[in-house]
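Structure record follows, encoded as structure tokens.
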Amino acid sequence: MTRELRVVGTSVLRDDAIDKVTGAARYTTDLAFPGMLHAAILTSPHASARIVHVDLEAARAVPGVRAVLAGSDLDVRLGLYLRDKRILARDVVRYQGEPVAAVAADTLDAAREACRRIRVEYDELPAVFDPRDAMAADAPLVHPDLASYDHMRGVFFPKPGTNVAHHQKIRKGDVRASLAAADVRIEASFYNPPVQHVPMETHASIAQALPESRVEIWTSSQSPYTVRHLLSACLGLPHAAIRVHVPYVGGGFGGKAGLGLEPLATVLSRAAGGRPVLVTATREQEFNTTPSRQGLHSTIKIGATRDGRITALEATYVWDAGAYADYGVNVGRAAAYSGAGPYAIDHCSIDSYVVYTNKVYGTAYRGFGHLEVLWGIERAMDQMARKLGLDPAEFRRRNLLKEGATTITGELFTAGHGKPVECLDAVAKAIDWGRPSGAPSAPHKVRGKGIAMLHKAPAMPTYTSCAAVIKLDEDGAADVLVSGVDYGQGTYTVLRQIAAEELGLPIGKVHLTWDCDTALTPYDWQTVASRFSYMGGNAVIEAAADCLRQLTAVAAQALGVAPETIVCQDEVAFPAAEPDRAISYKDLALGYTFPNGNAIGGPIIGHGRFIATGLTHLDPETGQGRPAQFWTYGAHAVEIEVDTETGEIEILHIATAVDAGKVLNPLSCTGQVIGGVVQGLGSTLLEGFQFDDKGRLLNPSFVDYKIPTAKDLPRRMTPIFLENPQSGGPYGARGVAEHPMISVPSAIGNALADALGIDYTVLPLSPERVLLGIQKREKTP
Amino acid sequence: MLGRFDYQRPSTLPEAGRLLAGNDGPAAVLAGGTDLLVDIRGRRHDPRILVDIKRIDALRRLDVDSAGALTIGAAVPLNEIIERAAIRRTLPGLVQAAESIATYQLRNRATAVGNLCNASPAADMAPILLALGADLMAWSPHGERTMPLSSLFVGVKKTCLAADEIATELRILAPEPGLRSGFLKQQRLRGHDLAVSSAAGTYAPSTGVLRLAVGSCAPTPLLLEPIEVGRSSKAVVEEKAVRAVQAAMRPISDTRASADYRRAVLPVLVKRLVADLLAEGGAP
Amino acid sequence: MVNGHMETASVPSGLTLLEFLRDRLYLTGTKEGCGIGECGACTVLLDEKPVTACLVLAVEADGCTVETVEGEAADGQLSVLQRAFVETGAVQCGFCTPGMIMSARGLLRRDPNPSDNEIVEAMAGNLCRCTGYAAILEAVRLAAVAVAAQRAAGPLTGETVGSQPAAETLMGETGTERRRFLRGAESTRKDGRR
Ligand code: FES
Ligand code: FES
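Residue numbers (the working numbering), protein chains in the order written: chain D, 1 to 781; chain V, 1 to 284; chain Y, 1 to 194.
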């Protein structure tokens, strides 16, 4: 491909930014409808209890209250991959923070007041909080009825009679024998606590119930069509009865995939006689009620030859799904097929268990399980390198996937996959890997360097698809319609660039409608997994080609020439040999009118589509198959300074390389890297849920759940992009939105081991954990 | 809405006193509101009337006299203290403590007196003001009283102020010539955070007296016995200070930190603070 | 006075300034991210000083001037500060942006030429989960420099940003100032194309 690109690959500015810097951008909670009611949610104070009785009378008596609902009023189950959830808890509560009842009232104050007057009688039940305990034979069952739950068959395998919602196996070669035969072996265990996405906009949904069971919804969601599909399944409605709008969304990071507050808003609106109802999660509920990222316990064994070749890897991942696993099962699945890192390993065995506990439940979060498993894998790789006496970068270099190797699910690694080794080399060079750090800034400080690899593929059904529509305006400009959501990542700007590139339009004449609307914008599965630029981009390319075909046909007829001779460029169509006979897009967009008044053609509307191809379900016993449309590889290298007296870590420099295939928009790709790295620092240094011994969340607010601020940036950040083209990607591009966050903890953990000689295995690496680790070492002779 | 309460904005103390003493249910003094309004929102506090003291001129004083004596009115937001050049010059420790609190936005509202009256063991203004020997003035319809700041704190979130009493201002005597002051705080991150532990101190080279106070390591902020530095070496003084702190602290474990970490890190803060204060040519 | 308009209203004592702005005046640009002063999404200027509107009672603002993000663009023209946010990539989901703009506005008003540390201090009370802050800090720096240059050299050419391809007016003029907070992205291009 030698075509010169005009627009793709340049830093086109986001046009939505104009709405956002002026305050004009309207998010769900900024919308208001005549008669709109406000809802409040009553949540469970217990982690596990039987609901003996709910008394709603006093709540109903509060002036302004229009609807009061409890779980006993609603007999439906919700879920994406596994239908295990209720709109409001029914019969039992399974985590502290679970919605038990809800009120819609004229004002939020009235709704809250009414909630406070609801009396719920509970009978506490045994609870289980550690997923490893939950796997014991005599553990209390979080879902005794698991056998009866509907789930995606052939992909997920719940184990009724246990707390295991899914068990994903990967089996390649003979791991037991190769481990036994290995020259060098290591075994290590790691832990990631559950964390929250913390979008600055909390979940919010408005629903208005309409006649004939129809409903119209405005929601802060990543996935309008999935919301529609799941609602249709759980409420037993045809898809057309549900219309879902998505206005501007204030961040999602996976937490707004799947169903959120939409079902609750819907049933409240029905109960309130069709008044629109706004449900907004308070920040506390965002932490305590809406889903989080699952915790993970991992145990990893690696065997290698003395010359540093990995021969075997065995891993057990035990995910803390929390009380519901409707989405978490897919995290456990995806993390398993990525669960050995981007290495060529002949003998591999992975067991990934998604286990119910009585805690706030998990869902997708940027990186989708990969940050978690790679915290273990990439720390273990360093331990192995050390044991072998090899430089950790060199050890990785010897084992990374290269052309001709196969992945642990048996996929052949080709040139079109990108080049992990180049990512490694790029970050190593950026931080002067191999050269000792400069002198620390104080005697009680020490420095260290660390490196870690990352990889991820979109975790999506084998048949995932999406579509795009482009319509031409009266003035020859183009409107692109899609239903993927740009909740900040910048995809819409990239899609505009692609449309402009393909149609030969200036970027200023390509618009993309920000309101997704399932009644008007074409299908898209979900905006997750860094697959929107790739899939949506391909759909837009096809839609643009469709427009050009139509433009060409009308122009050819108008000019009386063969369509093959028509060239479309610079907003005009002309016969290749006769450029002076050009007709402008403007005169073709709605149909061409001859001088005598006769008209031909008609409004030009192009459509394009894309469906994942060649993917297979994984074999239930061996995990072999092709799970991924594409893989994105990358690496981080960091240099840190540790205060050995307080345990604080300062990041001096972090370099991040991602093999993007093609950087479609440098400014927004850089934004994804910086944003992802800083979010990764949160997971590394600060974030983690704390629970008391009754399973109550102790830090559900910004007072005690800290995320990085502007003061917490590394001294230096270096994003690096490689452009080894992706086969099948638009202009060779692959997704990069999640990846910068993955392995940030691993790189820093490795640097910490380099600086202190201590292997930390538990996140976050808070000053406290670091210092107590140092003290412990000093005490043990 | 934060809650259902009446709001009054008196312009004199007697008026405020009358409002506080009124019989319409519990009343609360509203200054910056950055603790009070959060508590009301969280329903930890449910007053019937808020008495906003920000328009009482007498409480808006922030004076530094020619000798350096300082008066901080109860309605003075932290940023005013931070931005006052004379205070930056003479009492850098006070400014450091104020700057460590919350965020720029909140410091435009939050007051030093409010920080103290909230009586959190982690109140960042407390250790430095204790070390400076500040007095707190309180007014009530029955009269005015002056108390050493150390007597304000009687327990976690508890002060000795009566319901109808208003803390009106802090008074800090003119510092000894060349007085050095400093404040160190351990947090979970660099961005805004409550203290995991904090330490403040002053050292007057002219008298050789070192005063230290610590926060977040006992139910109330603690003022330690003054240390006579005399001719002792820095290492000896550091050691003495650390031992004094270790003897006095009674840290607990909470969501911010374990008692073990507090026990480990507070001596480090104290040691560093003492080293700074005693350093030749250290902060004035 | 709110954004230069006199507003008269009688409100319950418990109403916050944030609720008053959003629900009574329909100035929904100001956002709520936490309601307890921790996130800065609700930052507005009260008598020219940045405050978190969720922790100010509407009645407390009686007789004060209030400025919100809606007052930042004069006559439909983005301010230099707003343009700097657009051009540096300081905006992703945009939910933190109004508060960021107001914190930056407060800073530039009290100090048109802030140091890097002052910028960080002024902006650190505003949480952003998307951008990693570097571009935001860069935008504030850039706006300060551009305004200074503007003062020295007369008005900036009124080029609009947005659907125009990378209208790099601010960055062009102050190219050396860009990248103070962020060392630039390096790109290794395999195919020799741009
Ligand atoms: S909403 Fe006001 S600071 Fe978060
Ligand atoms: S841009 Fe999303 S929170 Fe800042």
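Ideal Cβ positions, reconstructed from N, Cα and C, are used throughout, including at glycine.
Since we're looking at a predicted model, the values are computed, not measured.
Interface positions of the segment 699-716 of chain D facing chain Y (Cβ-Cβ less than 9 angstroms), listed along the chain: Ser701, Phe702, Val703, Ile707, Pro708, Thr709, Ala710, Lys711, Asp712, Leu713, Arg716
Can you tell me the Cβ-Cβ gap for tyrosine 104 (chain V) and glycine 76 (chain Y), rounded? I've got them flagged as a contact below 8 angstroms. Wrong, their Cβ atoms sit about 30 angstroms apart, outside the cutoff.
From the DSSP output, which residues share a beta bridge with valine 329 (chain D)? Note: valine 329 (chain D) sits in no beta bridge, so no partner.
If leucine 55 (chain Y) sits next to leucine 59 (chain V), beta carbons under 8 angstroms apart, how far is it from one beta carbon to the other, in whole angstroms? Rounded, the Cβ-Cβ distance is 19 angstroms, inconsistent with contact.
With DSSP as the reference, label arginine 214 (chain D) as helix, strand or coil. coil
Is it buried or exposed, alanine 21 (chain V), if we count other Cβ atoms within 10 angstroms and call 16 or more buried? exposed
Check whether chain D comes within 9 angstroms of arginine 110 (chain Y), counting only Cβ atoms and requiring the distance to be less than that. no
Three-state secondary structure assigned by DSSP to leucine 170 (chain Y): Its pLDDT being 46, under 50, leucine 170 (chain Y) is placed unreliably by the model, and the measurement read from it follows with that caveat. DSSP places leucine 170 (chain Y) in helix when its eight states are reduced to three.
Whole angstroms are fine: how far does the CA of threonine 22 (chain D) sit from the CA of leucine 472 (chain D)? 28 angstroms
Which chain V residues sit within Cβ distance under 9 angstroms of lysine 31 (chain Y)? Simply none; closest approach about 14 angstroms.
Hey, is glutamine 92 (chain Y) close to ligand 2, as in C-beta under 8 angstroms from one of its heavy atoms? yes
Glycine 252 (chain D): which of D:Val100, D:Ser292, D:Leu231, D:Ile170 sits nearest, CA to CA? D:Ser292
To the nearest angstrom, report how far apart valine 2 (chain Y) and proline 77 (chain V) are at their CA atoms. 23 angstroms
Shortest alpha-carbon distance to valine 197 (chain Y) belongs to which of Y:His5, Y:Arg105, Y:Arg110, Y:Glu38? Given a span of 1 to 194 for chain Y in the structure shown, any question on residue 197 (chain Y) remains unanswerable.
In this structure, what does DSSP give as the bridge partners for tryptophan 433 (chain D)? Its beta-bridge partners do not exist; DSSP assigns none.
Residues bridged to histidine 297 (chain D) (per DSSP): D:Tyr191, D:Val318
Going by the beta-carbon positions, is the gap between isoleucine 431 (chain D) and histidine 653 (chain D) smaller than 9 angstroms? yes
Could you say which of D:Glu542, D:Leu503, D:Met384, D:Cys547 lies nearest to valine 184 (chain D) if we only look at CA atoms? D:Met384
Threonine 493 (chain D) versus tyrosine 731 (chain D) - alpha carbon distance: 15 angstroms
Return the residues of the segment 636-648 of chain D that lie within a Cβ-Cβ distance of less than 7 angstroms from chain V, sorted by chain order. Glu645, Thr646
With DSSP as the reference, please indicate the residues paired to proline 77 (chain V) in a beta bridge. V:Thr111
Please work out which residues of its chain come closer than 7 angstroms, Cβ to Cβ, to tyrosine 248 (chain D), disregarding the five sequence neighbours upstream and downstream, and give them in chain order. Ala25, Arg26, Tyr27, Trp514
Touching by the beta-carbon criterion (3+ pairs, under 8 angstroms), the segment 499-512 of chain D and the segment 691-708 of chain D: no
Measuring alpha carbon to alpha carbon, tell me which of D:Glu124, D:Gln196, D:Trp218, D:Ala110 ends up nearest aspartate 30 (chain D). D:Trp218
Ignoring anything shorter than 4 residues or poking outside the segment 79-134 of chain D, list the alpha helix (DSSP H) runs there in chain order. 108-117, 131-134
Among residues of its own chain, excluding the 5 on either side of threonine 316 (chain D), which ones have a beta-carbon nearer than 6 angstroms to its beta-carbon? Thr299, Asp351
How is the beta strand (DSSP E) around glycine 143 (chain V) delimited, first residue to last? 143-148
Would you mind stating whether tyrosine 81 (chain D) and serine 48 (chain D) have Cβ atoms separated by less than 9 angstroms? no
Cut-off 6 angstroms between Cβ atoms - residues of its own chain near alanine 259 (chain V), not counting five sequence neighbours on either side: Pro251, Ile252, Ser253
Using a Cβ cut-off of 8 angstroms, pull out every chain Y residue sitting near serine 668 (chain D), in sequence order please. Gly89
Check whether the Cβ atoms of leucine 278 (chain D) and histidine 370 (chain D) lie closer than 9 angstroms to each other. no
Go to phenylalanine 287 (chain D), then tell me how far its alpha helix (DSSP H) extends in each direction, as first and last residue. 283-288
In chain order, what residues of the same chain lie with their CB nearer than 7 angstroms to the CB of threonine 52 (chain Y), ignoring the 5 residues before and after it? Gly37, Gly40, Cys42, Thr43
Along the chain, where does the alpha helix (DSSP H) that runs through lysine 157 (chain V) open and close? Unbroken run through lysine 157 (chain V): none, as it is neither H nor E.
For chain V, check one thing: does any of its Cβ atoms lie closer than 9 angstroms to the Cβ of aspartate 693 (chain D)? no
Is proline 165 (chain Y) helix, strand or coil when you go by DSSP? Reliability of the predicted coordinates at proline 165 (chain Y) is poor, the pLDDT of 31 falling under 50, and the value obtained from them is presented with this limitation in mind. The answer is coil: DSSP assigns proline 165 (chain Y) none of H, G, I, E or B.
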